[in-house]
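A.B. asks: Chains A and B, in that order, are what the protein sequence lines are. Our numbering numbers the first residue of the first sequence as 1 and each following residue consecutively. Our numbering numbers the first residue of the second sequence as 1001 and each following residue consecutively. Can you read through this structure? Questions will come right after.
Number of protein chains: 2
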Amino acid sequence: MHKYKIGLFGFGCVGQGLYEALEKNDRVNAEIVKIGVKTPGKERPLPAELFAYDPGEILENDDIDLVVELIDDADKAFSIVKEALKRKKPVVSANKKMVAENLAELIALQKRYETPLLYEGAVCGSIPVIKTLEDYYALEQVKEIKGIFNGSTNYILTKVIEENKSYDEALHAAQVNGFAETDPTLDVEGYDPKYKLGIVLQHTFGIYVHPNDIFNQGIQNITKSDIAFARERGLKIKLLAKATRQGNNISAFVAPHFVSKESPLYHVENEYNAVLVDGDFAAEQLLLGKGAGKLPTGLAVLSDVVSITRGYHYRPSELHNDLSFEPSTEEVYVSFESNETLDFNAFKHITEKYVGKKTGYVIGQIDIPALKNLLDENNANVIFTSGAKAETEIHKLAYSYEIG
Amino acid sequence: MHKYKIGLFGFGCVGQGLYEALEKNDRVNAEIVKIGVKTPGKERPLPAELFAYDPGEILENDDIDLVVELIDDADKAFSIVKEALKRKKPVVSANKKMVAENLAELIALQKRYETPLLYEGAVCGSIPVIKTLEDYYALEQVKEIKGIFNGSTNYILTKVIEENKSYDEALHAAQVNGFAETDPTLDVEGYDPKYKLGIVLQHTFGIYVHPNDIFNQGIQNITKSDIAFARERGLKIKLLAKATRQGNNISAFVAPHFVSKESPLYHVENEYNAVLVDGDFAAEQLLLGKGAGKLPTGLAVLSDVVSITRGYHYRPSELHNDLSFEPSTEEVYVSFESNETLDFNAFKHITEKYVGKKTGYVIGQIDIPALKNLLDENNANVIFTSGAKAETEIHKLAYSYEIG
């Protein structure tokens, strides 16, 4: 049986996880023969001859028949992946930004060169999201897919809401425990889950949407008042990525949501990720697990390697349909400082409005583009209420609310 | 591209679900050309020429290159599957009893005739259990796999514990809603989840254990006292199937468990199934969904059909290891009527013992074979306590307990 020779790009956390997972495993018909890294001279735990500093050493090597791309830089990663596909070397990647930003072209390249690219590790670590969408949900009609796609923000929200920590304390704890990057922007502002959502859109509904066209609001503007509001109503705040089908329209966004205890996502805490799919055939299905980390993501990459050796490829472009991506109208809670002059006319319908001494909030229905404007022009925060099943739970304490 | 011609055996609930799912789908390169059924003359929703009453009409038909077996009778199903494999026709089945009882021989047949058999629909309906075990967990070391493998008993327990219904009312509601069979024995006595557990053992640890060798206790003997005991301690009772690795020993059983709210399984209610896998790489991962029903199971079968058309096959026998199946020692709660003379010497260690006017209970450690004896010889019920994380939660109300 043919033993695949892997050229690995990147030897960071996940790269080392993959190496370790491969070492401990004799069911995989593949070995790492070369590792492409950036910095020569750095001390590494493996023999020097295994490392290469010029990508060409891997890409132009005819012995190497499988490329695993695990570097940080999305643009460099895209060059590597393109070149590998052109040379008919199958690729496994875990780079969510690279995949999300270039998926249309990547699908075309795979078709043109009849060479597969797999990227399970790019979406929610060890949770088999893409595989399940491809092998199960592509066979039926999905109504909605949503979930907690980012571990570090879920960890922060858990500490803030359950353990009464301040946002800064919680962020620091996430960084110390390795759940958040030194520069947490991509996580806390909701870009990381947005990349994943873009990939999920392609594999669920067969449409490509560039991340720039997807609305994202992170958790960085959540105030103490927002948390008190949630707590009083028995709700949690979760950063959800969500895509919904309504007729032939698909809407998708990343935003904090109030979530009531009836939702399976209410119980997903700390660094865990979860994906909830609702389809015509399978009904609600939840996949929950570690969304990041050396070994969980390493396992997802290893699983892709095995799938490549078994001739597996995605078929995301074969989901042919007449779906279009449209901004939706959502019910949201917008909180603001009382001295702000929020344009309430941006809302199509207002259910509830409160202005106190320092802070205020409004609950109502608004189009996503209008919401984006409102947030750009005001010192305000938004939490979507559609995650909370019973609307009454949101409203039950209305007008009895004041935070000093 | 070759279009697979399916010979389908059985046109009950799942068979009709598969037919419907295939009709609604143009991504599947397969069509049903013949349906083998038992009873001639019965009115059916499809043209008469589609049906065959002699299995030979399908098995001996060289045009048919994929057999889907969805009949009730496990022995007849085994004959059909054997014959199909011998004739090098790939098979998809959803018959848990047939697969569990004959898995060793089925693996050998697949090898000998180089023809695959897939059976995702046999284990927890629409939840991709076997696929995830094969494609992910076969690549690492699993420490434990457990879950709620039976929807009708989970539905009954939910009604009894959450809604205060009597066991008979709950069973009746399950039957009315189509979650339980007219003869509920296989479900309520824990045989159905045991078949699934046997299949899971093969795909998780690479060992074949006949269902007869796996201990199963169902929910039919749970008393009002047991429910009150759980409720007072904030615990739920869930019927769990569980397999654990300790060194090179594997233990496995099906039994009611006390489950505390820290466990993700605590929140799995009604007819839902859930599988919790704990591995060295991926850590805890939960898969939750509908474990039965026309369309959920139909989707699993359809997914297998697609996998066959893509050349996929399981590799359960390649998990080579030195594992052996051994009965374990477990901490259990055994309740009994006060006039019973329970042999307390069967326990290796007793933590707590209570005897009241009418009922009593003992909590202690016991070997599975000794437990089996105890239950055979006494009018007693057992609930495993290992599902409840904090032992103190079990014991905190000890000695303050009496049910009239």
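Note that beta-carbon positions come from the ideal geometry of N, C-alpha and C, so glycine has one too.
By the three-class DSSP mapping on this structure, what secondary structure does L1109 (chain B) have?
C.D. replies: Position 109 of the second sequence holds residue 1109 (chain B). Correct three-state label for L1109 (chain B): helix.
A.B. asks: Quick one, are the C-beta atoms of L1342 (chain B) and A1380 (chain B) less than 8 Å apart?
C.D. replies: Residue numbering aside, residue 1342 (chain B) sits at position 342 when the second sequence is read from its first letter. Residue numbering aside, residue 1380 (chain B) sits at position 380 when the second sequence is read from its first letter. A contact, by the Cβ cut-off of 8 Å.
A.B. asks: Starting from E144 (chain A), follow its DSSP beta bridges and name the residues at the other end.
C.D. replies: As a position in the first sequence, residue 144 (chain A) is number 144, starting the count at 1. Its beta-bridge partners are A:T244, A:D278.
A.B. asks: One question on the structure: do G190 (chain A) and V254 (chain A) come within less than 8 Å of each other, judged by their Cβ atoms?
C.D. replies: For the purposes of this step, residue 190 (chain A) is identified with residue 190 of the first sequence, where counting begins at 1. For the purposes of this step, residue 254 (chain A) is identified with residue 254 of the first sequence, where counting begins at 1. Yes, the Cβ-Cβ distance between G190 (chain A) and V254 (chain A) is below 8 Å.
A.B. asks: Check N1154 (chain B) in the structure and name its three-state DSSP category.
C.D. replies: Locating residue 1154 (chain B) in the second sequence gives position 154, counting from the first residue. Looking at N1154 (chain B) - three-state DSSP - the assignment turns out to be helix.
A.B. asks: Assuming I199 (chain A) is part of the alpha helix (DSSP H), what are its boundary residues?
C.D. replies: Within the first sequence, residue 199 (chain A) is the residue found at index 199, counting from 1. For I199 (chain A), the enclosing alpha helix (DSSP H) begins and ends at 191-205.
A.B. asks: Using three-state DSSP, classify D267 (chain A) as helix, strand or coil.
C.D. replies: As a first step, residue 267 (chain A) is located in the first sequence; it is residue number 267 there, counting from the start. In the sequence as presented, Asp is not what sits at residue 267 (chain A); that position holds His. In the three-state scheme derived from DSSP, where H, G and I count as helix and E and B as strand, H267 (chain A) is classed as helix.
A.B. asks: Counting only Cβ pairs nearer than 7 Å, list the residues of chain B close to P296 (chain A).
C.D. replies: The sequence position of residue 296 (chain A) within the first sequence is 296, counting from 1. What P296 (chain A) touches in chain B: F1281, A1282, A1283.
A.B. asks: For V68 (chain A) versus I130 (chain A), is the C-beta spacing smaller than 8 Å?
C.D. replies: What you label residue 68 (chain A) is simply residue 68 of the first sequence in a count that begins at 1. What you label residue 130 (chain A) is simply residue 130 of the first sequence in a count that begins at 1. No.
A.B. asks: Would you mind stating whether E1271 (chain B) and N1373 (chain B) have Cβ atoms separated by less than 8 Å?
C.D. replies: Translated into the one-based positions of the second sequence, residue 1271 (chain B) becomes position 271. Translated into the one-based positions of the second sequence, residue 1373 (chain B) becomes position 373. No; because the gap between Cβ atoms is not below 8 Å, this pair is not in contact.
A.B. asks: How many angstroms separate the CA atom of N1345 (chain B) from the CA atom of S1386 (chain B)?
C.D. replies: Residue mapping note: residue 1345 (chain B) aligns to position 345 of the second sequence, counting from 1. Residue mapping note: residue 1386 (chain B) aligns to position 386 of the second sequence, counting from 1. Roughly 21 Å between the two C-alpha positions.
A.B. asks: Evaluate E162 (chain A) with the Cβ neighbour count: other Cβ atoms within 10 Å of its Cβ, from every protein chain shown; 16 or more gives buried, anything less gives exposed.
C.D. replies: Within the first sequence, numbered from 1, the residue matching residue 162 (chain A) stands at position 162. Per the 10 Å Cβ criterion, exposed.
A.B. asks: Who are the near neighbours of K165 (chain A) in its chain, counting only those whose CB is closer than 6 Å to its CB and skipping five residues on each side?
C.D. replies: To locate residue 165 (chain A), count along the first sequence from 1; it is residue 165. So the qualifying residues of the chain are K159.
A.B. asks: Which residue's Cα is closest to the Cα of G289 (chain A): A:N273, A:A252, A:A283?
C.D. replies: Residue numbering aside, residue 289 (chain A) sits at position 289 when the first sequence is read from its first letter. Scanning A:N273, A:A252, A:A283 for the CA closest to the CA of G289 (chain A) turns up A:N273.
A.B. asks: Nearest-angstrom Cα distance between C13 (chain A) and F1336 (chain B)?
C.D. replies: Along the first sequence, one-based indexing puts residue 13 (chain A) at 13. Along the second sequence, one-based indexing puts residue 1336 (chain B) at 336. C13 (chain A) and F1336 (chain B): Cα-Cα distance of roughly 54 Å.
A.B. asks: Measuring CA to CA, which of A:L66, A:L235, A:L323, A:I107 is closest to E262 (chain A)?
C.D. replies: Here residue 262 (chain A) is taken as the residue at index 262 of the first sequence, counted from 1. Per the Cα distances, A:L235.
A.B. asks: Output the distance between the C-alpha atoms of N177 (chain A) and D322 (chain A), rounded to the nearest integer angstrom.
C.D. replies: Counted from its first residue, the first sequence places residue 177 (chain A) at position 177. Counted from its first residue, the first sequence places residue 322 (chain A) at position 322. Going by the C-alpha atoms only, they are around 45 Å apart.
A.B. asks: Can you give me, in chain order, the residues of the segment 42-64 of chain A that have a beta carbon less than 7 Å from any beta carbon in chain B?
C.D. replies: Residues: none.
A.B. asks: According to DSSP, is I1032 (chain B) part of a helix, a strand, or is it coil?
C.D. replies: Counting from 1 along the second sequence, the entry for residue 1032 (chain B) is found at position 32. I1032 (chain B) falls in the strand class under three-state DSSP.
A.B. asks: When DSSP builds the beta bridges, which residues end up paired with P1256 (chain B)?
C.D. replies: The sequence position of residue 1256 (chain B) within the second sequence is 256, counting from 1. For P1256 (chain B), which the question treats as bridged, DSSP gives the partners B:L1239.
A.B. asks: Compare the beta carbon distance of I1363 (chain B) and E1352 (chain B) with 8 Å and say whether it is the shorter of the two.
C.D. replies: As a position in the second sequence, residue 1363 (chain B) is number 363, starting the count at 1. As a position in the second sequence, residue 1352 (chain B) is number 352, starting the count at 1. Contact: yes.
A.B. asks: With 8 Å as the threshold, decide whether the Cβ of S1303 (chain B) is near any Cβ in chain A.
C.D. replies: Residue 1303 (chain B) sits at position 303 when you count from the first residue of the second sequence. Judged by the 8 Å Cβ criterion, S1303 (chain B) is in contact with chain A.
A.B. asks: Between P1264 (chain B) and chain A, is there a C-beta pair that is closer than 8 Å?
C.D. replies: Locating residue 1264 (chain B) in the second sequence gives position 264, counting from the first residue. Closer than 8 Å to some Cβ of chain A, the Cβ of P1264 (chain B) qualifies, so yes.
A.B. asks: Using beta carbons (cut-off 8 Å, strictly below), is A968 (chain B) in contact with chain A?
C.D. replies: Any answer about residue 968 (chain B) is impossible in this case: the structure gives chain B only from 1001 up to 1404.
A.B. asks: Since I believe H1203 (chain B) is in contact with P1316 (chain B) (beta carbons under 8 Å), could you give me their beta-carbon distance rounded to a whole number of angstroms?
C.D. replies: As a position in the second sequence, residue 1316 (chain B) is number 316, starting the count at 1. As a position in the second sequence, residue 1203 (chain B) is number 203, starting the count at 1. Contact between P1316 (chain B) and H1203 (chain B) is confirmed by a C-beta separation of about 5 Å, below the 8 Å threshold.
A.B. asks: Have a look at Q175 (chain A) and E181 (chain A) and give me their C-alpha separation to the nearest angstrom.
C.D. replies: On the first sequence, position 175 is the one that residue 175 (chain A) refers to. On the first sequence, position 181 is the one that residue 181 (chain A) refers to. In a straight line, the C-alpha of Q175 (chain A) is about 6 Å away from that of E181 (chain A).
A.B. asks: Against chain B, with Cβ distances strictly below 8 Å, would T420 (chain A) count as a contact?
C.D. replies: Limits of chain A in this structure are 1 at one end and 404 at the other, which puts residue 420 (chain A) out of reach.
A.B. asks: So within the segment 1310-1364 of chain B, which uninterrupted beta strand (DSSP E) runs reach at least 3 residues, ignoring any that extend past its ends?
C.D. replies: Counting whole runs of 3 or more residues, the segment 1310-1364 of chain B contains the beta strand (DSSP E) stretches 1329-1337, 1349-1355.
A.B. asks: Helix, strand or coil: how does DSSP classify K97 (chain A) here?
C.D. replies: By 1-based counting over the first sequence, the position of residue 97 (chain A) is 97. Helix at K97 (chain A).
A.B. asks: Taking only beta carbons into account, state which residues of the segment 1128-1154 of chain B come closer than 7 Å to chain A, listed in chain order.
C.D. replies: Interface annotation for the segment 1128-1154 of chain B against chain A: P1128, K1131, T1132, D1135, Y1136, A1138, L1139, E1140, criterion Cβ-Cβ distance under 7 Å.
A.B. asks: Using a cut-off of 8 Å between C-beta atoms, extract the partners of N25 (chain A) located in chain B.
C.D. replies: As a first step, residue 25 (chain A) is located in the first sequence; it is residue number 25 there, counting from the start. Around N25 (chain A), the beta-carbon contacts reaching into chain B at under 8 Å are L1139, E1140.
A.B. asks: If you reduce the DSSP assignment to three classes, tell me which class Y272 (chain A) lands in.
C.D. replies: In the first sequence, residue 272 (chain A) corresponds to position 272, counting from 1. Correct three-state label for Y272 (chain A): strand.
A.B. asks: Taking buried to mean at least 16 other C-beta atoms within 10 Å of its own C-beta, is R1027 (chain B) buried or exposed?
C.D. replies: To locate residue 1027 (chain B), count along the second sequence from 1; it is residue 27. By the 10 Å Cβ count, R1027 (chain B) comes out exposed.
A.B. asks: Taking E101 (chain A) as the reference, give the member of A:V37, A:K82, A:Y195 with the closest Cα.
C.D. replies: What you label residue 101 (chain A) is simply residue 101 of the first sequence in a count that begins at 1. Selected option, being the one with the closest Cα: A:Y195.
A.B. asks: Any idea what DSSP makes of G289 (chain A), helix, strand or coil?
C.D. replies: Here residue 289 (chain A) refers to the residue found at position 289 of the first sequence. Strand, per DSSP.
A.B. asks: Could you say which of A:L276, A:I156, A:A241, A:S225 lies nearest to G356 (chain A) if we only look at CA atoms?
C.D. replies: Position 356 of the first sequence, counted from the first residue, corresponds to residue 356 (chain A). Answer by Cα proximity: A:S225.
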